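Q: First, the structure itself, so that you have it in front of you.
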Amino acid sequence: MSDFSILPILLTGLFIAVVHAMIPTHWLPFVMASRTQKWSWSKTQSILLIAGFGHVIMTTLLGAVIFVLGLGVYHSRIQTYFITIASASIALFGLYQIYQYKRGYKHSHCEDNHDHNHQDDLKRKSRDGWAILSLLSLLTFSPCESFLPVYLSAVSYGWKGFVLLSLVLAVGTLGTMLGFTWLSAKTIERYKMHWLEEHEKLVSGVGLIILAIVLFVIEQSHVI
1 MSDFSILPIL LTGLFIAVVH AMIPTHWLPF VMASRTQKWS WSKTQSILLI
51 AGFGHVIMTT LLGAVIFVLG LGVYHSRIQT YFITIASASI ALFGLYQIYQ
101 YKRGYKHSHC EDNHDHNHQD DLKRKSRDGW AILSLLSLLT FSPCESFLPV
151 YLSAVSYGWK GFVLLSLVLA VGTLGTMLGF TWLSAKTIER YKMHWLEEHE
201 KLVSGVGLII LAIVLFVIEQ SHVI
């Protein structure tokens, strides 16, 4: 079989990976977390890449099972568990943002009081930990189900085809996520709104909860 005959499958896989990564759940939570936690672009980028790799690895592992067993779909109950964990993670982070807002952490301030620096650092690390864990769970437990049939279509090409498709999945997913996150962050920086800055944790929290509900409803409709 000619090596070039797999090209249409690879292009299809790339298209699916890019379109899937354009879904707001793959980049919008990172923009919100970056704003509320005051992360630098390099830190946001690192966290996004780690979460993105978790997303790709989970999809690849499921693809390997399908590749070996020749299954068309993986068990709907497992998919439901994944959806529930991913949605709950981002909803909990949203609730945590609202909790911080209610406690008075509306937005971060630069303070010169050295007596509180250590305590503030601990609080900031705790908030960062919650944010990072939620983002990692969101993407790791929401694999790209639409990519799995592509793996199945490449069974005849052996493990070489599997590796090529996995590389396409990684490049398409991570590249699109980085691009949309960067573009959204720059757009928000350009059009600053004072009201939004004052209440950004409340807005982010509500937005994340809505996003979690939408993710759960949409993905559940695919399972049923």
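To convert, note that position 88 of the sequence shown is 88 in full-length UniProt numbering; the numbers rise steadily by one, no gaps.
For every residue, glycine included, the Cβ atom is placed at its ideal position computed from N, Cα and C.
All values reported here derive from a predicted model rather than from experimental measurement.
(1) Along the chain, where does the alpha helix (DSSP H) that runs through TYR151 open and close?
(2) Starting from SER184 and walking both ways along the alpha helix (DSSP H), at which residues does that stretch end?
(3) Measuring straight from C-alpha to C-alpha, what distance separates LEU165 and TRP27?
(4) Enumerate in chain order the residues of its own chain whose CB-to-CB distance from residue 226 is below 6 Å, with the five nearest sequence positions on each side excluded.
(5) Indicate whether LEU211 and ILE90 have their beta-carbon atoms separated by less than 8 Å.
(6) Leaving aside the five residues before and after ALA86 along the sequence, list all residues of the same chain whose C-beta is less than 6 Å from its C-beta, in chain order.
(7) Give the secondary structure of TRP27 by DSSP, where H, G and I count as helix, E and B as strand, and everything else as coil.
(8) Comparing alpha-carbon positions, which option in TYR99, HIS55, LEU7 lies nearest VAL206?
(9) Grab me the residues of CYS144's own chain with a C-beta within less than 6 Å of its C-beta, minus the 5 sequence neighbours each way, in chain order.
(10) Return helix, strand or coil for MET58, following the three-state DSSP convention.
(11) Between VAL65 and LEU49, what straight-line distance do the alpha-carbon atoms span, to the nearest angstrom?
(12) From LEU148 to ILE83, what does the alpha carbon distance come to, in whole angstroms?
(13) So, with DSSP's three-state summary, where would you put LEU92?
(14) Output the distance between the C-alpha atoms of ILE47 and LEU152, rounded to the nearest integer angstrom.
(15) If distances are taken between C-alpha atoms only, which option among ILE213, VAL214, GLU189, ILE9 comes closest to MET32?
(16) For MET32, name the three-state secondary structure that DSSP assigns.
(17) How long is the line joining the alpha carbons of VAL163 and PHE53, rounded to whole angstroms?
(18) In angstroms, rounded to a whole number, what distance separates the CA positions of LEU69 and VAL168?
(19) By DSSP, does SER142 sit in helix, in strand, or in coil?
(20) Quick one: what does DSSP say LYS38 is sitting in, helix, strand or coil?
A: Judging by the given coordinates:
(1) Element bounds for TYR151: 148-153.
(2) Taken as a continuous stretch (DSSP letters only), the alpha helix (DSSP H) holding SER184 covers 158-190.
(3) So the alpha carbons of these two residues sit roughly 22 Å apart.
(4) The requested residue 226 is not part of the displayed model; the chain covers only 1 to 224.
(5) A contact, by the Cβ cut-off of 8 Å.
(6) The answer, listed in chain order, is LEU138, PHE141, SER142.
(7) Under the three-state reduction of DSSP, TRP27 is assigned to coil, being neither helix nor strand.
(8) Comparing alpha-carbon positions, the option among TYR99, HIS55, LEU7 lying closest to VAL206 turns out to be TYR99.
(9) Counting only Cβ-Cβ distances below 6 Å, and skipping sequence neighbours, we find HIS20, THR59.
(10) The answer is helix: DSSP assigns MET58 an H, G or I state.
(11) In a straight line, the C-alpha of VAL65 is about 24 Å away from that of LEU49.
(12) Those two C-alpha atoms are separated by around 16 Å.
(13) Here LEU92 sits in helix by DSSP.
(14) Each residue's alpha carbon lies about 31 Å from the other.
(15) Nearest option by C-alpha distance: GLU189.
(16) In the three-state reduction of the DSSP assignment, MET32 falls in the helix class, which pools H, G and I.
(17) Straight-line Cα distance between these residues: approximately 15 Å.
(18) Distance between the alpha carbons of LEU69 and VAL168 is about 22 Å.
(19) DSSP places SER142 outside both helix and strand once states are collapsed to three, so it counts as coil.
(20) Assigned with DSSP and collapsed to three states, LYS38 falls in coil, not helix or strand.
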